[in-house]
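Asker: Here it is: the structure, laid out below.
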Amino acid sequence: MPQTKELKSQRDRFLAFAFAAADLLVEVTDHEQISYISGAVKAITGYDEKEVMGKKLSEFLDANDIDLTTSITKNTRAGGKKGPYLTKITHKNGVIEEKHVFLSSFAMKDDGPVYIAITLADSLLSFIGFNRNEAAPQNIPSVDEFEKLLRKKIANLGETNQAVDVQVMQLEGMSAFQKKLDANSWAGLTAAIGQLMMEASLDGETAVKVDDEKFLLLKTENGQAEDQLQKKIMEIAERYNIADSINVQSKNIEGDLTALSAREATRAVLYTMNKMEQAGLDAVGGDLNASFNSFLEENSIKINNLKRMISHQDFKLRFQPIVMMKTGKVSHHEVLVRFNADDSPFEMITMCEDIGLSPDLDLGVCRQCLKFADQNRKKREIGKLAVNLSGQSIQSEIFVKKLTATLEEYPEAAKHLIFEITESSEIKDLDKVDGYIQQLRQKGYHVCLDDFGAGSASFQYLHKLNVDGVKIDGAYVRKVLNSPRDATMVKNMVQMCHEMGVYVVAEMVETEEQRVFLDSIGVDKGQGWLFGKAEVNPLPIEDE
Numbered sequence: 004m005p006q007t008k009e010l011k012s013q014r015d016r017f018l019a020f021a022f023a024a025a026d027l028l029v030e031v032t033d034h035e036q037i038s039y040i041s042g043a044v045k046a047i048t049g050y051d052e053k054e055v056m057g058k059k060l061s062e063f064l065d066a067n068d069i070d071l072t073t074s075i076t077k078n079t080r081a082g083g084k085k086g087p088y089l090t091k092i093t094h095k096n097g098v099i100e101e102k103h104v105f106l107s108s109f110a111m112k113d114d115g116p117v118y119i120a121i122t123l124a125d126s127l128l129s130f131i132g133f134n135r136n137e138a139a140p141q142n143i144p145s146v147d148e149f150e151k152l153l154r155k156k157i158a159n160l161g162e163t164n165q166a167v168d169v170q171v172m173q174l175e176g177m178s179a180f181q182k183k184l185d186a187n188s189w190a191g192l193t194a195a196i197g198q199l200m201m202e203a204s205l206d207g208e209t210a211v212k213v214d215d216e217k218f219l220l221l222k223t224e225n226g227q228a229e230d231q232l233q234k235k236i237m238e239i240a241e242r243y244n245i246a247d248s249i250n251v252q253s254k255n256i257e258g259d260l261t262a263l264s265a266r267e268a269t270r271a272v273l274y275t276m277n278k279m280e281q282a283g284l285d286a287v288g289g290d291l292n293a294s295f296n297s298f299l300e301e302n303s304i305k306i307n308n309l310k311r312m313i314s315h316q317d318f319k320l321r322f323q324p325i326v327m328m329k330t331g332k333v334s335h336h337e338v339l340v341r342f343n344a345d346d347s348p349f350e351m352i353t354m355c356e357d358i359g360l361s362p363d364l365d366l367g368v369c370r371q372c373l374k375f376a377d378q379n380r381k382k383r384e385i386g387k388l389a390v391n392l393s394g395q396s397i398q399s400e401i402f403v404k405k406l407t408a409t410l411e412e413y414p415e416a417a418k419h420l421i422f423e424i425t426e427s428s429e430i431k432d433l434d435k436v437d438g439y440i441q442q443l444r445q446k447g448y449h450v451c452l453d454d455f456g457a458g459s460a461s462f463q464y465l466h467k468l469n470v471d472g473v474k475i476d477g478a479y480v481r482k483v484l485n486s487p488r489d490a491t492m493v494k495n496m497v498q499m500c501h502e503m504g505v506y507v508v509a510e511m512v513e514t515e516e517q518r519v520f521l522d523s524i525g526v527d528k529g530q531g532w533l534f535g536k537a538e539v540n541p542l543p544i545e546d547e
């Protein structure tokens, strides 16, 4: 009897925990059938509890997400959580309009049922600026957007040791139809193919269009089968009467995240993508580990030169102003690095991150900044200089000790340096890093989070890392005048930061119209070509 009472208590605690953040709790068997459901069943689905028992959960989801329950039931491990995933539930007979919901899953054991918590999402989506009348399908990201997403996604996968493969696909002959089809038909065709790739990819967001004929997507071992994806592509092609003229080819590339770091795996995927873009499917290898080794071999000369430049501090500093949004007066400058090399600074810094040289570069930049400030302190007022510290650097105890020792060599260092934490997705132990951040803040240094966005990860960093400021990702700033959704998201980010006592910087401000809007929603400081490009010397700081 006591054992039965304890089991009941455990069940009650589990249900209470689940419903603290959910409107429905669903138990799903390994055949994806509903074996238990509780909560606002009638209100959300239009059915009574008895009517939904034994049905597949996918029957109630948006048609674009019918494979979602398969992915959840196959990939949720004992003690592990998946999601949240955004989808829609259709009410019985369509009497009530579709409801946006978040799905999160949890499993008590590997061979048991999966528990799915379903939370109504419309009120939250309205708060962050999501317009339910806008086109719902998620657009396939650009190569640049995919690279950012990929780094974060692989870092998360590495923590769970989840096996992931890369699938590359080539739709040979498709690009010829851009001129043969009218503009609307071509747009519809490419959108349908892109959406199909997204649906087949890991978490429905890890696919990229390399060009009109080539695609790359991340997939788990239990993801959509290759032949199924090819079949769906051909069904779309038939709708546009081009099925006889295209040849769908694909190749799977095995990945072992336990053998590669997240950074190395990301580089291997990008290397694979570049190879496919340059020379097609035949140029792509079948193993991510081999791809990373090929990247190292092909770039060995660049890597050795980069190591030499960093060890000799053979790089230059440039200073871009960050101004007060209301007055236009210079607040401080961000320090940017320029190498004596043909490659762009972005490529060189990315390579530093790929091969683990970021701590050496960050420390070298700090030293040069301190020397510059010391040499110029009597000549003119240069103000504060914002130096980037990568996620690799700030989570390294060795780096923090070296940085602290360097700062102690300059008694007035806190008057001159601000630290911006970049690549925060690389940070594994947020509590430890927050400890390092507080050490810096206690010594008088301001610390800022760079590339702050609307994703859940950014809010987690802000919750865990006590900082002085955040810099909003330029991807949002560029869209504020043309996208009500992005404008509302930025506005709410600013409001939240201010309520936490955190100042806000917007980067990539290029027009007066952007400045006026950002100022109107309370952004404190701005950076971008509107205020000035990176220069050899910082602008003079005016007295307030």
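In the working numbering, the protein residues as written are 4 to 547. Positions of the beta carbon are idealized from the N, C-alpha and C atoms, including for glycine. These figures come from a predicted structure and were not determined experimentally.
Can you give me the C-alpha to C-alpha distance between residue 167 and residue 486, rounded to a whole angstrom?
Answerer: Rounded to the nearest angstrom, the two C-alpha atoms are 34 Å apart.
Asker: In or out: residue 54 buried (at least 16 other Cβ within 10 Å) or exposed?
Answerer: Residue 54 comes out exposed.
Asker: Kindly examine the ligand SAH and report whether one of its heavy atoms sits closer than 6 Å to the Cβ of residue 314.
Answerer: In the structure shown, the ligand SAH is absent, as is every other ligand, since no ligand is present at all.
Asker: Could you check the C-alpha separation between residue 281 and residue 294 for me, to the nearest Å?
Answerer: So the alpha carbons of these two residues sit roughly 15 Å apart.
Asker: From what residue to what residue does the alpha helix (DSSP H) around residue 217 run?
Answerer: From DSSP, residue 217 is part of no alpha helix (DSSP H) but of the beta strand (DSSP E) over 217-223.
Asker: Suppose you measure from the CA of residue 536 to the CA of residue 241; what does that come to, to the nearest Å?
Answerer: If you take the alpha carbons of residue 536 and residue 241, they lie about 51 Å apart.
Asker: Which partner residues of residue 89 appear in the DSSP bridge assignment?
Answerer: Note: residue 89 sits in a beta bridge opposite 105.
Asker: Sort 481, 113 and 238 by Cα distance to residue 33 and report the nearest one.
Answerer: When each option's Cα is compared against that of residue 33, the closest is 113.
Asker: Give the DSSP-derived three-state secondary structure of residue 524 in the structure shown.
Answerer: Of the three classes helix, strand and coil, the one that applies to residue 524 here is coil, per DSSP.
Asker: Does DSSP classify residue 140 as helix, strand or coil?
Answerer: Its pLDDT being 46, under 50, residue 140 is placed unreliably in this model, and the coordinates cannot settle the point.
Asker: Since residue 276 is in the beta strand (DSSP E), which residue starts that stretch and which ends it?
Answerer: Residue 276 -> not in any beta strand (DSSP E); alpha helix (DSSP H) instead, spanning 265-282.
Asker: Could you tell me the alpha carbon to alpha carbon distance between residue 483 and residue 57, rounded to whole angstroms?
Answerer: For residue 483 and residue 57, the distance between alpha carbons rounds to 46 Å.
Asker: In the DSSP output, what is residue 324 paired with across the bridge?
Answerer: 336.
Asker: Can you tell me the Cβ-Cβ gap for residue 406 and residue 366, rounded? I've got them flagged as a contact below 8 Å.
Answerer: Their Cβ separation, rounded to whole angstroms, is 6 Å, which keeps residue 406 and residue 366 in contact under 8 Å.
Asker: Can you give the Cα-Cα distance for residue 544 and residue 323, rounded to whole angstroms?
Answerer: Cα to Cα, residue 544 sits roughly 13 Å from residue 323.
Asker: Please name the residue or residues paired with residue 497 in a DSSP beta bridge.
Answerer: DSSP output for residue 497 lists no bridge partner at all.
Asker: Assuming residue 425 is part of the beta strand (DSSP E), what are its boundary residues?
Answerer: 420-425 is the extent of the beta strand (DSSP E) around residue 425.
Asker: Run through DSSP, which three-state label would residue 398 get?
Answerer: Correct three-state label for residue 398: coil.
Asker: What residue range does the alpha helix (DSSP H) around residue 439 cover?
Answerer: Per DSSP, residue 439 belongs to the alpha helix (DSSP H) from 433-445.
Asker: So which of 84, 28 and 78 has the shortest CA-CA distance to residue 60?
Answerer: Nearest of 84, 28 and 78 to residue 60, Cα basis: 28.
Asker: Could you check whether residue 469 and residue 423 sit closer than 7 Å to each other, using their CB atoms as the reference points?
Answerer: Contact flag unset, no.
Asker: Output the boundary residues of the alpha helix (DSSP H) element that contains residue 3.
Answerer: Because the chain is modelled from 4 through 547, residue 3 falls outside the range shown and cannot be assessed.
Asker: Among 526, 251 and 118, which has the Cα closest to the Cα of residue 87?
Answerer: Comparing Cα positions, the closest option is 118.
Asker: Using alpha carbons as the reference points, say which of 465, 236, 276 and 304 lies closest to residue 456.
Answerer: Nearest C-alpha to residue 456: 465.
Asker: Would you tell me roughly how many angstroms separate the C-alpha atoms of residue 541 and residue 448, rounded to the nearest one?
Answerer: Each residue's Cα considered, the two are about 19 Å apart.
Asker: Measure the alpha-carbon distance for residue 463 versus residue 78 and round it to whole angstroms.
Answerer: Taking the straight line joining both Cα atoms gives about 24 Å.
Asker: Evaluate contact between the region 324-334 and the region 352-369, counting only Cβ atoms and requiring at least three cross-stretch pairs below 8 Å.
Answerer: Cβ pair count under 8 Å is below three, so no.
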